[in-house]
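Just so we're aligned: 832 in the numbering used here is position 212 of the sequence shown, and the numbers increase by one with no gaps anywhere. One structure is given below, encoded as structure tokens.
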Amino acid sequence: MRPYFRLTLRPILATSAVILALVEIVFLSEQFTGLMESVVKSGGSALDLIKLLLWEVPGILDLALPAALLVGVYSAVGRARREGELVVLTAAGAPVRGLVMGILLIGAAGGALSFAIAGVAAPAATYAQRVSLHQLTVQHIQQRISQPGESGMTFSARDVDFVATGADDEPPSLMVRRAADSRPWRYAFAGDWDVTGPDAGERGNFRLGQVTAIGDLPQLGGTVAEARLNRMAAGSVDVGFEMEDILPVLDRTPREDERPLVPGLQTLMAGMALEEATDPARIARIWARALLVPAAALLALLAVWGGTIRGVRAAALPLALVALVLCDLVTRAWLGGTAAGTALWLACAAVFVLLVILPLFALRFAGEALIRPGRG
């Protein structure tokens, strides 16, 4: 196994790395426009955009890893076969099965990497991206309504309208308009106002002073008054409300797809112990995707073997890629729809047989045809 491993490892890693980089660039380019729009709307910077794009990397890497390894193994082993290097190793006493075991070892390492990415890195990145987007939105809201702008500038959030007025040489003012059924007030005009927060609990407070308010005001400045919508009550008081009145407080509890499979990491990321267990079907789907990586390496060997057959060489790699995609779709859909318990464990075992055992069984019959330079 060692001679084959040494011969193929470096070209496999090099080719796979290039393909992964190209796939990352393509997918990140597709995500760039949407994320840039979110950053621009939130008043973020180029650094915020880069950070959001980086959170996309683990998910794309996990998606592209099987195909990249398939092409890498096919390219490296196919070149070594065409140049006769595999025949030389066999003549020196290296058994043909050593090639299969060496490639399987590379695939197993890739499968472990895939499981770590899908089970730890990708969920953590998804959670971090959601938190970052929320923080950008909160900062944008705070900036828009805490700084006086041009007369008539309006900002709306959750049925609350803010109209900031004033200029640099004039005292700032603010009008707040809430929904028709809001209590205890619907309109408030503030001649003196500022923003405090958000605090550690993602709560902010908008302090309004010199307030003129319209609506049902059971108490204003210590004076009881029954005020209908067409009546006004004024006073120099503070009328405060929290950030959650205009923006939902961030739910820091990780969602199902944001939970690492390691419970200790879940607690570390969320700052709390999660009571809900991870969905077994999700773990099974991650397991199937991880098995797809060694399966891709074995499919590449089958494609190399198929390339020795006249008329099949040109279609060997495309057929292997199609088979890889079909295996991914079928196994993940099957496991995702299987009930937890014994049925799910049996389905996972069946996926292992389908993706690993059957390709190994097929490669047993290849023999020296796997290493002989093709004539087709």
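The beta carbon of each residue, even a glycine, is placed where N, CA and C say it ideally should be.
Sequence-distant partners of Leu-756 (beyond 5 residues in either direction) whose C-beta falls short of 8 Å from its own C-beta, in its chain, are Ser-658, Val-659, Ser-662, Gly-663, Gly-664 and Asp-668. If you draw a 10 Å sphere on the C-beta of Leu-642, you find fewer than 16 other C-beta atoms in it, and that means exposed. Sorting Arg-905, Val-646, Ala-666 and Phe-981 by C-alpha distance to the C-alpha of Val-950 places Arg-905 at the top. By the Cβ test, the segment 700-711 is in contact with the segment 973-993, since at least three Cβ pairs between them sit closer than 8 Å. Contact annotation: Ala-920 and Leu-690 have beta-carbon atoms nearer than 7 Å.
Within the segment 902-965, the complete alpha helix (DSSP H) segments at least 4 residues long are 933-956, listed from N- to C-terminus. Residues Ala-901, Ala-904, Arg-905, Trp-907, Ala-908, Leu-964, Ala-967, Cys-968 and Val-971 of the same chain have their beta carbon placed closer than 8 Å to that of Leu-955, with the five preceding and five following residues left out of the count.
At a Cβ-Cβ threshold of 7 Å, Ala-923 and Tyr-747 do not count as neighbours. Excluding sequence positions up to five before and after Gly-692, its CB lies within less than 6 Å of the CB of Ile-632, Thr-635 and Ser-636, all in the same chain and listed in chain order. Between Leu-946 and the set Phe-985, Leu-912, Ala-700 and Leu-870, the nearest pair of CA atoms involves Leu-912. If you draw a 10 Å sphere on the C-beta of Val-646, you find fewer than 16 other C-beta atoms in it, and that means exposed. In the DSSP secondary-structure assignment, Arg-872 is not bridged to any residue.
Closest option to Arg-879, judged by alpha-carbon separation, among Ala-732, Ala-745 and Gly-698: Ala-745. According to DSSP, residue pairing for Val-796 in a beta bridge involves Phe-782 and Ala-808.
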